[in-house]
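Protein chains in written order, with UniProt numbering: chain Z, 1 to 342; chain E, 1 to 342.
By construction, the Cβ of each residue, glycine as well, lies at the ideal position given by its N, Cα and C atoms.
Heads up, the thing below is written out as structure tokens.
Here is the structure:
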């Protein structure tokens, strides 16, 4: 790829903003509720694009039952249900035997997908909170999705006071498991620190601004704006580290070390303090290379056996992009259709 | 009461340290687990008091089922079950129909109480966490329990780096509802901010030090140390304020205002910002007098309809105290026995 080359990408006609995928991550719950009140106009700026096809923004409360109980999930983590998702068949799945979130994931796939098919929405932005001190992160499965990366750069420029990172989970589209994988493009917008079950005004406001700037960007893009290529820092997840645990009870025997707590995205070097045991001992990082920790002491990951994740930082060159012309788009649609037939 | 007068109080022979009364407040869970490992010696300092009757320290994990699920409670808030508590009768209560925490509260009353009777433990220290920025607080039902107030002053002196307050809930002993009300003396040791379901090392360490200093103080007291009278700031709870809510759905429509969030124990004046609605509007405090907010944006109180509590600050003069001599103690026991017969 030449740096000067302009990459032309299909128009983004349908965008989904999802909250409450985890029912106790409240910023997204309250933001989507608020967006649902605003019938039209404010977020979609329809009045400004009279001449163009309006952007369709779907606002989705993903897990209403978990929200109602203010829990992450009812039966199983909804945001791990989208790996081998299939559309809800007419006979459907009956509740009772099947975990609620398995049923709900099929409903969401029918609404926003089908995953991997041409009928899927163009972009899914799924709103999350973390107890970790991560600022605002976009988390995506790709480090070459120019739409996601350009949105990220736009948010960074528009919100200079918010620490912002792009996290890349290197998982194939086939193995991708989260709600945002249902869209043609997608990412989780993750903001912290905020305790689950709590709404902090500053976190809510940052999320609201992030979503607004994301939608603005989509409108600019659809209107033909050229977005210049540049380079972006990408944090690629390398591995997870679990808490030290009692071999019999599996209870944790240490907390994240005070020197590491809240230091998400600050390099962790070999022999740096990692944990402090409940009897007061310091345990150190035994890796061979400095890596970047994130999701440090995330509440929901105790049960997943993750005390923190470690990433490698790379600089990724993203190309100049613009929306396809109508002719280009028509050709592209035909191309996709023939791919699906194969 | 003359300031110079020395108040002589009964020896504290049995102390209970309780964790996990709320199963997702993890500092107390891990601290009590740790204390249970330390069979003897370290916390009880038995080796230092060879000549004296050793202090009996009961370490209690109050709500094992809630701990196992990492939830505040299973059926109902255990820490509201001790108002009209009665001992577990031999026939007992059978599970299934009765909320688990009602059964567990009777077990705990049998273990640590009976509440209000001479057989109860001398002191209950119940360990809690809050998502509010409250530092370390002792919360008690009395502003004239000299044992609790002297322990508070001891902790303040020993832990000068930790913001520390004494909160008084003005509730009669009859109406007191929490686990610590089962002891002859009792308080909750509440430390925050910490998300529920998360253990932060600094919070754990502060709680461990607080419990150690509390037990040290009891040993000093029992050994005959004279504790000088002095004055102490006491925050007496006046009222609670709920979140603004949608009149139909009862969903909250605002978060605590960024200017108030994390400002626990900083005076709140009439017309100060109180909430910020999800549409961006500022709502102001309409009270008539400045009061001291605390439990600002505590996670567990959303369901109780409490966004924050407000207190009045007073200076309370506490007298010089010492332990009763054996003769004084014998007379006191006789007095209590005749009271119970009545």
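- Bridge partners of residue 7 of chain E according to DSSP: E/321.
- When beta bridges are read from the DSSP output, residue 275 of chain Z appears opposite Z/256, Z/283.
- At least one CB of chain E lies nearer than 7 Å to the CB of residue 131 of chain Z.
- Going by beta carbons, residue 264 of chain E and residue 134 of chain E fall inside the 7 Å limit.
- Under the criterion of beta carbons closer than 8 Å, residue 231 of chain Z and residue 316 of chain Z qualify as touching, at roughly 7 Å.
- In the DSSP assignment, residue 230 of chain Z is bridged to Z/318.
- Per the coordinates, the alpha-carbon of residue 30 of chain E lies some 26 Å from the alpha-carbon of residue 74 of chain Z.
- Contact between residue 295 of chain E and residue 83 of chain E fails: their C-beta atoms lie close to 20 Å from each other, not under 8 Å.
- Against chain E, the beta carbon of residue 261 of chain Z has neighbours under 8 Å at 200, 201, 202, listed in chain order.
- For residue 30 of chain Z, the chain E residues whose Cβ falls inside 7 Å of its Cβ are 278, in order along the chain.
- Put simply, the CB of residue 244 of chain Z is far from chain E, with every gap to its CB atoms at 7 Å or more.
- For residue 299 of chain Z, the closest Cβ of chain E is nearer than 7 Å.
- Among the residues of chain Z, those whose CB is under 7 Å from the CB of residue 255 of chain E are 199, 200, 201, 204, following chain order.
- Of all residues in the segment 177–199 of chain E, those with a C-beta nearer than 9 Å to a C-beta of chain Z are 193, 194, 195, 196, 197, 198, 199, reading in chain order.
- With respect to chain E, the C-beta atom of residue 34 of chain Z has a partner C-beta closer than 7 Å.
- By DSSP's assignment, residue 221 of chain Z forms no beta bridge with any residue.
- In the same chain as residue 66 of chain Z, and ignoring 5 residues on each side of it, the C-beta atoms closer than 6 Å to its own belong to 23, 73, 74, in chain order.
- Per DSSP, the unbroken beta strand (DSSP E) holding residue 129 of chain Z starts and ends at 123–129.
- The C-alpha of residue 283 of chain E lies about 11 Å from the C-alpha of residue 260 of chain E.
- The continuous stretches of beta strand (DSSP E) do not include residue 303 of chain E, and DSSP gives it neither H nor E.
- By the beta-carbon neighbour count (other beta carbons within 10 angstroms, threshold 16), residue 330 of chain E is exposed.
- Taking a Cβ-Cβ threshold of 7 Å, the residues of chain E close to residue 258 of chain Z are 201, 202, in chain order.
- Nearest neighbour of residue 81 of chain E by Cα position, chosen from E/61, E/108, E/58, turns out to be E/108.
- At least 7 Å separates the beta-carbon of residue 305 of chain Z from that of residue 246 of chain Z.
- Here residue 135 of chain E carries a strand assignment [DSSP, helix/strand/coil].
- Spatial neighbours of residue 238 of chain E in its own chain (CB-CB distance under 7 Å, excluding positions within 5 residues in sequence) are listed in chain order as 291, 310, 311, 312.
- Within chain E, not a single residue places a beta-carbon under 9 Å from that of residue 100 of chain Z; the smallest gap is close to 17 Å.
- Taking residue 235 of chain E as reference, the option from E/139, E/6, E/132 with the minimal CA-CA separation is E/139.
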